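The next block holds one structure in the form of structure tokens; read it before the comments.
Numbering (full-length UniProt numbering), first residue to last: 1 to 117.
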């Protein structure tokens with residue numbers, strides 16, 4: 001039987017779901033805003049670390065990350081500077097980075113993660 005585990009759910013979303021050994025995290029954004037891309041990226045990555053730990057996994061098991069930047073030309077290098085200190089270059093996940101209009105104009109970055117247990 002296929003079971004989906006929903007965690008920290010409300011009417012619109014679950015913080016993360018787990019199905020068949022895969023963790024699907026909702027989008028994570030920074031709590032401090034306005035703030036620089038470096039500050040926001042670090043806060044997002046810290047939230048991802050905590051979320052993955054709650055799910056029973058960690059960043060070395062990330063399969064794919066979707067990164068949304070409000071202004072890719074302005075913020076790509078700054079986001080990558082923080083990202084590069086967080087990831088293990090031997091275990092970098094698959095990744096896509098795109099520019100997107102954010103739900104709040106003070107948000108600069110949002111990340112969506114899929115990881116194995």
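C-beta: ideal position from N, C-alpha, C; glycine also.
No experiment lies behind these values; they were computed from the predicted model shown.
- About 7 Å separates the Cβ atoms of residue 71 and residue 99, confirming a contact at the 8 Å cut-off.
- In the same chain as residue 61, and ignoring 5 residues on each side of it, the C-beta atoms closer than 6 Å to its own belong to 115, 116, in chain order.
- Under the 10 Å beta carbon count, residue 5 is surrounded by fewer than 16 other beta carbons and is classified as exposed.
- The C-beta of residue 2 has fewer than 16 other C-beta atoms within 10 Å across all chains shown, which makes the residue exposed.
- Secondary structure note for residue 111: its beta strand (DSSP E) is the uninterrupted segment 109-116.
- For residue 51, the enclosing alpha helix (DSSP H) begins and ends at 37-55.
- Beta-bridge analysis with DSSP links residue 99 to 69.
- Residue state for residue 76 is assigned as helix, using DSSP reduced to three classes.
- The C-alpha of residue 40 lies about 13 Å from the C-alpha of residue 104.
- For the pair residue 36 and residue 107, the CB atoms are not nearer than the 9 Å cut-off.
- Counting along the chain, residue 16 sits inside the beta strand (DSSP E) bounded by residues 14-19.
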